[in-house]
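Here is the structure we will look at, set down as structure tokens.
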Amino acid sequence: MDTGVLAEVLGLVKEYDGGGGRVRVVDDVSFTIRRGETLGLVGESGSGKSTVARMLLRLVEPTSGEVRYDGVDVLAASAREMRAMRRRMQVVFQDPYAALNPKMRVREILAEPFAIHRVAARPLGEMLREVGLDESALERYPHEFSGGQRQRINIARALALRPEFVVLDEPVSALDVSVGAQVINLLRELQRTQGLTYLFISHSMPLVRYLCDRVAVMQRGRLVELGDCDQVCGAPRKEYTRRLITATPEIPVSA
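99 is the number of the first residue of the sequence shown in my numbering; add one for each residue after it.
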């Protein structure tokens, strides 16, 4: 694996106006993501992990700090430069149904990225087969699928333009445990076959330990622990990390 840095966040801060003044939801967060690895970003709800991911993708503008992708200053990029960069950076959201337009057939959903970026479309049936779905799904609407199938469609759309980096924002938290385990194994296989780099956001330490190479632990907007996954999960330095480990049950996934 190429261990060069692909993505880097430096001193990210995000503040919002609150009733009593400015509220800081992300406070001086810094980490790197190496090419080809999976970095887990873990913490309780409200810890700021999804906000960090959205700032990395420039879906949310930070109050201060830097974001670099493959050496390029993301926050200084023009609209045209960001358009090209978004072909390389994609996201899979938590709610598989809300992320799909209910009025569009799967065929239209999968074709949309190619139309937006004005590039030749890949065979749509092939895209479905990559995520374990049959080509017959192309003519159906999102409500005709189970939650796990919808998330597979979301993954197929995210990979349409052959990105190299994907943010996985709690991609299985809305799914049944057994279905979620199947999706996690799919993501692992896609990483192996397509050479993907992941930022995996979760509140589940067992899932992070299974899928990730390194883990960054967030608490109340701050990064409190960062290191190799086995090291952090096996011998955490912080009491907060220990509580996260004991709070979530083991997930029935197999290597």
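Glycine residues also receive a C-beta, built at the ideal position from the N, C-alpha and C atoms. Owing to the predicted nature of the structure, the values given are computational and were not obtained by experimental measurement.
For the pair of segments examined, the stretch 292–302 was found not to touch the stretch 317–331: the number of CB pairs separated by less than 8 Å stays below three. Taking the C-beta atoms as reference points, Val-165 is found nearer than 8 Å to Met-153. For Val-107, the secondary structure class from DSSP, reduced to helix, strand or coil, is strand.
Counting along the chain, the unbroken beta strand (DSSP E) around Asp-126 starts and ends at 119–132.
In the DSSP assignment, Gln-188 is bridged to Val-264. Bridge partners of Lys-112 according to DSSP: Val-124.
Comparing alpha-carbon positions, the option among Glu-242, Leu-222, Asp-126 and Glu-268 lying closest to Pro-200 turns out to be Glu-242. If you check the CB distance, Thr-346 and Glu-323 do not come in under 8 Å. Val-170 carries a strand assignment under DSSP once its states are collapsed to helix, strand and coil. When DSSP states are grouped into helix, strand and coil, Leu-139 belongs to the strand group. When the alpha-carbon of Glu-224 is set against those of Tyr-239, Leu-155, Arg-286 and Ala-254, the nearest one is in Ala-254. For Arg-238, there is no enclosing beta strand (DSSP E), as DSSP marks it with neither H nor E. In terms of Cα proximity to Gln-289, the closest of Leu-137, Gly-116, Ala-272 and Gly-325 is Leu-137. Residues of the same chain with a CB within less than 6 Å of the CB of Phe-212, apart from the 5 flanking positions on each side, are Ala-219 in chain order. Comparing alpha-carbon positions, the option among Val-204, Asp-274, Phe-191 and Glu-268 lying closest to Leu-309 turns out to be Glu-268. Comparing alpha-carbon positions, the option among Phe-191, Arg-132, Asp-115 and Val-124 lying closest to Val-313 turns out to be Arg-132.
In this structure the stretch 262–276 lies against the stretch 190–204, because at least three pairs of beta carbons, one per stretch, are closer than 8 Å.
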